[in-house]
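Working notes for the structure below.
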Amino acid sequence: MNKRKWLLSFFVVIFLMSTIVGGPGVLASTLNDLKKEQKQYQQKKLEIKSDMEKKTNAIKANENSIEMFLNQINVLNKEIDETNANMNRVIDKINKTNEEIDELKASIEDLEIKIAERDVVLRERVRAMQVKGNDVSYIDVLLGANSFADFIDRFSAVTTLIEADRDIMRRQKEDIERLEVEKELVEKKLIELEENKAKLEKLKANLNARKQEKNKLIDELEAEQERLSEEKKSLEEEYHEAIEIEAELEKKVIAEQKRIAEIARQEAERKRKEREAAAAAKPGSLPHVSSGFWTKPANGRFSSSFGWRTHPIYKTKRQHRGIDIAAPIGTPVVSAGDGVVSYAGAMGGYGNVIMITHSTSGGIMTTVYAHLSKISVSSGQVVDKGTYIGAIGNTGASTGPHLHFEIHIGNWTASGPSAVNPLRYVSF
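Heads up: the sequence shown at position 69 corresponds to 69 in the working numbering, and the numbers run straight through without jumps.
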């Protein structure tokens, strides 16, 4: 048993000892203290349960955030994989382009050799013409023919030389131009591929940075998740502890009620004998009190019965756990039977309310008198059937002056499963 439970038990023992020493005047004081403690733990239990629900919702929201970021990371991973694949393709193209460049370099070397060789031939041709004083004339060669056949031979030779010169010049020009074009294309292609590679590397770095940022957020969320789980676990332990303490308090309350009921039974028996003796001595002195154990608590109009109904204020379907007697404010209210006042004071929707514990041949019963304008008894007071205890009023959740009257089998409970129809016991 922890310290809180030990202290609770200690105070309960002190309450019981003071009750035994103090007598009937402190009976209800002990019971009210226990009920007050019980109510406090009920409220605390509700608060803890509310906090637990908030933690559960926070954990769920955290889980959703983690799942969202994991999905985002999954998308980033796909983008990174696609970027890597594109980079690999670009690198393959760069490697192939480098191979093309190597092949082109070999081709360029061949072209440069051919160009150099042609350049030598052309230079020789130019030098030969310079040696001859640049007076070489194909017309002179043709006119120097000895015969038509010689002319034809000379013409064919001249034509061949001219075409050879032209072909050499044309091929020289084409090779030089092709060399320049190929060089420019390969260099441009290599530059483009290197630029694409740089862009992809930048994109990959950006994706990795975003992924690291998401991972950092997930780490923070997971840490928050662990903290929330620990707090929820602590609340659950506190909640179970509150339930255990509330159960102990309930046992104490029931025991105290039984003890009060036994005192009430003994006192009621004494009063009954006194009343019977008084009745025998003065017949008809109790004209307004019914025979038997129970009597009507107030005069007035029967305005609402026991059972389910639409609440006149809250407009919701609720169980009416008693009956209503409508009468003007100030109309006297009497105890419906012999007993001990177990509660007298304000209580939520009941307004001003009195609860009386009765000991009958069938066991303990409790009556409730609500919405009173006046309370004329106090907790722990012993009352007889027909004793004036207060006056009808309109306090609490009420739409007009009336007495709300309940009968419970056993002790009164807030949840109300013990409530029974008063018409089973009292005639109205």
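Heads up, the beta-carbon is just placed ideally off N, CA and C, and yes, glycines get one too.
This one's a predicted model, so the numbers in the text were calculated from it and none came from an experiment.
| message | For the structure I just gave you, are there three or more beta carbon pairs, one from the region 201 to 208 and one from the region 71 to 83, closer than 8 Å? | response | yes
| field | Reduced DSSP category for Asn-86 - H, G, I as helix; E, B as strand; rest coil | value | helix
| What's the gap between the Cα of Ala-261 and the Cα of Asn-411? | 10 Å
| message | What residue range does the beta strand (DSSP E) around Pro-332 cover? | response | 332 to 334
| said: Closer than 8 Å is the cut-off here; do at least three beta carbon pairs connect the region 164 to 181 with the region 59 to 77? | reply: no
| query | Can the beta-carbon of Glu-246 be found less than 8 Å from the beta-carbon of Gln-42? | reply | yes
| query | Do the region 385 to 403 and the region 319 to 328 meet, that is, are 3 or more Cβ pairs less than 8 Å apart? | reply | yes
| Who are Gly-363's beta bridge partners in DSSP? | Thr-360
| said: Below 8 Å, how does it come out for the region 43 to 58 and the region 248 to 264: are there three or more Cβ pairs, yes or no? | reply: no
| query | How would you call Arg-424, buried or exposed, if buried means at least 16 neighbouring beta carbons within 10 angstroms? | reply | exposed
| said: Between which residues of its own chain and Asn-62 is the CB-CB distance below 8 Å, once the five residues before and five after are set aside? | reply: Leu-221, Glu-224, Gln-225 and Leu-228
| query | Under a CB-based cut-off of 8 Å, is Leu-221 close to chain B? | reply | In the structure shown, chain B cannot be found, because there is only a single protein chain.
| query | Looking only at C-alpha atoms, which of Arg-210, Val-368 and Asn-98 sits nearest to His-320? | reply | Val-368
| Out of Arg-265, Val-334 and Lys-271, which has the shortest C-alpha to C-alpha gap to Asn-299? | Val-334
| field | Counted within 10 angstroms of its Cβ, other Cβ atoms place Ser-342 as buried (16 or more) or exposed | value | buried
| task | For Lys-282, name the three-state secondary structure that DSSP assigns. | result | With a pLDDT of 38 at Lys-282, under the threshold of 50, the modelled position of that residue is not reliable, and no figure is offered here.
| said: If contacts are defined as beta-carbon pairs under 8 Å, then Lys-93 and Leu-193 qualify, I think. What distance do you get, rounded to the angstrom? | reply: 6 Å
| task | Would you mind giving the Cβ-Cβ distance between Val-340 and Ile-356, rounded to the nearest angstrom? I have them listed as a contact below 8 Å. | result | 7 Å
| At what residue ranges does the region 210 to 278 contain a whole run of the beta strand (DSSP E), taking only runs of 3 or more? | none
| message | Short of 6 Å in beta carbon distance, which residues of its chain neighbour Ser-427, apart from the five on each side in sequence? Order them along the chain. | response | none
| field | Among His-358, Thr-387 and Ser-398, nearest to Ala-370 - alpha-carbon criterion | value | Ser-398
| task | Give the single residue among Ile-191, Val-120 and Tyr-388 whose Cα lies nearest to the Cα of Met-169. | result | Val-120
| request: Taking the CB atoms as reference points, tell me whether Asp-338 and Lys-271 lie closer together than 8 Å. | output: yes
| Looking at Leu-235 and Lys-60, is the spacing between their C-beta atoms short of 8 Å? | no
| field | Three-state class that DSSP yields for Ala-198 in the structure shown | value | helix
| query | By how many angstroms is the C-alpha of Gly-330 removed from the C-alpha of Gly-351? | reply | 15 Å
| task | Per DSSP, which residues does Trp-308 bridge with? Please list them. | result | Gln-319
| Considering only the beta carbon of each residue, do Glu-241 and Leu-34 sit closer than 8 Å? | no
| Separation of Lys-189 from Glu-99, as counted between CA atoms | 13 Å
| task | Using 10 angstroms around the beta-carbon of Gln-38, count the other beta-carbons present and answer buried if the total reaches 16, otherwise exposed. | result | buried
| Extent of the continuous beta strand (DSSP E) to which Tyr-350 belongs | No beta strand (DSSP E) contains Tyr-350, which DSSP labels as neither H nor E.
| Which of helix, strand or coil does DSSP assign to Ala-431? | Here the chain covers residues 1 to 428 and nothing more, so residue 431 does not appear.
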